[in-house]
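**Student:**
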């Protein structure tokens, strides 16, 4: 049920001055008085007066007017009454005529009357009536003879401006309106009434005059003021300006209403209305305040707009201000009417309201109504939906797949943690693999953030999951590739130590910058949802894209380009299980997918609906995130499932890749703790020592075989030097050992051969000394050869070990040793 009752107890018009306001006394004007007055106005304006002008010539209303506009005529009348009170009424009639004609000089006054009655009989002793013929301002005064005011007779009581002074000396009669409490008038204003003779709306001001010189006579002065120029505005006072802010936007919103339809509908009005957003040409002073807010528009769905009616007289259009229903009921913003898209005529609304009150018809609440627009429509022209519909089964299916991917990523992380000591995972840095999975799980959660109708919190969650997930995943992959790039490009013998701890120290600032940016964005300019339209004009909500998004997108593009450059640099690098190339493929895929989806959004589907946008977001997440997981973790899991997780990649072995050439830049077993650089330095020192020993033994050999060569006194190999002393001691030691051995052999021979000594018997002592020296030289030469053999073997083994380790680590011991990468 629409609200059809009007708040009459709080609306009684508005005064033009602060001196008097009808609203100060809510009981002054009742709803019944206003409705009765409107009915009289309607009957007169439609010439449906019937016997009204036959039975009586005047039709008074029950509503007061604001008389401040006619204060000048009132003051003249008060002055004339003072003159008449002093001079009396029995003077020459020319004086009364002069006073009456003088009152007609006011442009608003059309009639002036001066009467004098006998208090004892009530008969008229004097009667003067002057009227203005023609134009109200330039009309000529003319004396009028009225049968009802003949001298010697009682005046008729049906005059709305007259009351017998004998019965009501103060004129406190229902014919007269109450005076403003703050003002003091000598007379009384009547209620407005319609004169059938003059066919005008008139208000009269009457003054009862007590003659000083003739106490038996009571004078009466009355003037008639033409108020036909006023107009009835039944709309609210706030709607004095005709604006299209609430109604005409409905027409602009729906493109189905073309210009021709608008023109044909406008032809329903035979006269032009007030232009849009242009002040009304009708001055507010000319409005009848008592009729304000008496329209019959449905107050919860319509707005009243004042539209005066016109009368065509001799091809001239004049405003007919005294009419009921001079307004148009326009549907408010958010409501519509199919049959009356340009509003309801006020006259029809008045008639239907009257029929509704008398139970004649229910058109007022059935047909002449504005229906609410569909949900979410700010304005509409019909029952068409304004909000885009959501295919919830389709969206739930997509969300289910995304949630499954989140659980799968979590399970994969647990599986990786459980099998972190398997070689295929261990050489790939399990820490960065776990970080990569965490980022992938966060990116999957974006589909849950944009699943419902977007609002403030959904947009915040969307921004964080999308950008932070991308940053975590991509940074983890980038750090692994960056380490390969640094290790692969090294050209010196010094080792580039890049442990997981160092890479994490590089990764944390990147994530910290992203977190600070997103936090500042959320606090300073919180992402909100805005309404956009699809290709069919249907409304749905999408997160706002502003310069925060653009700046972050530029940063991510630059980061992607940097990653692509690093991947290009390591395109020929070999690694265990071919992981470097797989990570490069994942980075290429992330860049390509994001670029492709941005192009699709901007060029192919710029006005896509909510379901299409949701599906495109799902495709982007799957192509980037799921593909990354497949490339990085797929081959490793397959090797583990085949039982080859702890076996080396034979293809890498064939290319000369050892266990130490792995993605994490160190050895396979962290517990081995081998520092190749330190070991390399130690081997260099050992080689130098062995080289010195070889040179020393060569010189010693030369001295033994060439006894004529004597060492230089004070030289490195002199007898007084530490080396010479050690050499002399070594000689003595070997000589003593040889002599003892010879004696022992001779004794044995003697003991074993019973007195025969064939060897020593015939040899002199000098010969024996030569033999001993020769044997000593042979022993020394054998010792040197043994030492050289052992030293050479050690050198070869050490050199092979260093070269092997240097090859595995992708760098050489020095610039002269090549590395096969």
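In the working numbering, the protein residues as written are 1169 to 1989. Don't be surprised by glycine CBs; every beta carbon is placed ideally from N, CA and C. Computed from a predicted structure; not experimentally measured.
Thinking C-alpha only, which one of 1653, 1537, 1609 is nearest residue 1507?
**Tutor:** 1537
**Student:** State the DSSP-derived secondary structure class of residue 1286, mapped to helix, strand or coil.
**Tutor:** Residue 1286: strand per DSSP, three-state reduction.
**Student:** Helix, strand or coil: which one does DSSP assign to residue 1523?
**Tutor:** helix
**Student:** Quick one: is residue 1793 buried, meaning 16 or more other Cβ sit within 10 Å of its Cβ, or exposed?
**Tutor:** buried
**Student:** Provide the residue span of the beta strand (DSSP E) that contains residue 1308, from first to last.
**Tutor:** 1308-1311
**Student:** Less than 8 Å between the C-beta atoms of residue 1462 and residue 1375, yes or no?
**Tutor:** For the 8 Å CB-CB criterion, residue 1462 and residue 1375 do not form a contact.
**Student:** Taking buried to mean at least 16 other C-beta atoms within 10 Å of its own C-beta, is residue 1475 buried or exposed?
**Tutor:** buried
**Student:** With contact counted as at least three CB pairs below 8 Å, one residue from each stretch, are the region 1676-1693 and the region 1713-1727 in contact?
**Tutor:** yes
**Student:** Would you say the region 1530-1544 touches the region 1561-1573, given that touching needs at least three Cβ pairs under 8 Å?
**Tutor:** no
**Student:** According to the neighbour-count rule (16 or more other Cβ atoms, all chains shown, within 10 Å of its Cβ), is residue 1203 buried or exposed?
**Tutor:** buried
**Student:** Give a yes or no on whether the C-beta atoms belonging to residue 1631 and residue 1695 are separated by under 8 Å.
**Tutor:** In contact: residue 1631 and residue 1695 (Cβ atoms closer than 8 Å).
**Student:** Taking only runs of the alpha helix (DSSP H) that begin and end inside the region 1199-1266, which ones reach a length of at least 4 residues, in chain order?
**Tutor:** 1199-1213, 1220-1223, 1239-1255
**Student:** Measure from the alpha carbon of residue 1698 to the alpha carbon of each residue in 1691, 1692, 1708, then state which is nearest.
**Tutor:** 1708
**Student:** Could you check which residue in 1599, 1354, 1264, 1753 has the C-alpha nearest to that of residue 1739?
**Tutor:** 1753
**Student:** Tell me whether the region 1363-1374 and the region 1459-1473 touch, counting them as touching only if at least three CB pairs, one residue from each stretch, are closer than 8 Å.
**Tutor:** no
**Student:** Exposed or buried, which one is residue 1185 when buried takes at least 16 other CB atoms within 10 Å?
**Tutor:** Only weak support exists for where residue 1185 lies, its pLDDT of 35 falling under 50; the coordinates are left without a value.
**Student:** Three-state secondary structure (DSSP) at residue 1619?
**Tutor:** Residue 1619: coil per DSSP, three-state reduction.
**Student:** For the beta strand (DSSP E) that residue 1470 lies in, which residues bound it at each end?
**Tutor:** 1470-1474
**Student:** If we call anything under 8 Å between Cβ atoms a contact, is residue 1779 one with residue 1619?
**Tutor:** No. Outside cutoff.
**Student:** Does DSSP classify residue 1509 as helix, strand or coil?
**Tutor:** coil
**Student:** Counting only runs of 4+ residues fully inside the region 1722-1753, write out the alpha helix (DSSP H) ranges in chain order.
**Tutor:** none
**Student:** Based on the DSSP secondary-structure assignment, which residues constitute the bridge partners of residue 1697?
**Tutor:** 1711
**Student:** According to DSSP, which residues form a beta bridge with residue 1593?
**Tutor:** Looking at the DSSP assignment, residue 1593 forms no beta bridge with any residue, so it has no partner.
**Student:** Over the uninterrupted alpha helix (DSSP H) stretch that includes residue 1777, give me the two end residues.
**Tutor:** First-last for residue 1777: undefined, no H or E at that position.
**Student:** How about residue 1209 and residue 1392: do their beta carbons lie closer than 8 Å?
**Tutor:** no
**Student:** Please report the residue range of the beta strand (DSSP E) in which residue 1532 lies.
**Tutor:** Counting along the chain, residue 1532 falls outside any beta strand (DSSP E), though it belongs to the alpha helix (DSSP H) covering 1531-1534.
**Student:** Please name the residue, chosen from 1595, 1803, 1385, 1610, that lies closest to residue 1576 on a Cα-to-Cα basis.
**Tutor:** 1610
**Student:** With distances taken between CB atoms, is the gap from residue 1257 to residue 1294 smaller than 8 Å?
**Tutor:** yes
**Student:** Tell me the residue span of the beta strand (DSSP E) that contains residue 1374.
**Tutor:** For residue 1374, the enclosing beta strand (DSSP E) begins and ends at 1368-1378.
**Student:** CA-CA distance, residue 1554 and residue 1510?
**Tutor:** Inter-residue distance for residue 1554 and residue 1510 is about 20 Å (C-alpha atoms, whole angstroms).
**Student:** Counting Cβ pairs, one atom from each stretch, are 3 or more of them under 8 Å apart for the region 1534-1549 and the region 1512-1521?
**Tutor:** yes
**Student:** Counting along the chain, where does the beta strand (DSSP E) carrying residue 1353 start and finish?
**Tutor:** First-last for residue 1353: undefined, no H or E at that position.
**Student:** Would the beta-carbon of residue 1628 fall within 8 Å of that of residue 1679?
**Tutor:** It is not a contact, given that the beta carbons lie outside the stated cut-off.
**Student:** Which residue comes first and which comes last in the beta strand (DSSP E) that contains residue 1571?
**Tutor:** No beta strand (DSSP E) holds residue 1571; the alpha helix (DSSP H) holding it covers 1560-1586.
**Student:** Report the partner residues of residue 1300 according to the DSSP bridge assignment.
**Tutor:** 1309
**Student:** Can you pull the DSSP bridge partners for residue 1387?
**Tutor:** 1284, 1377
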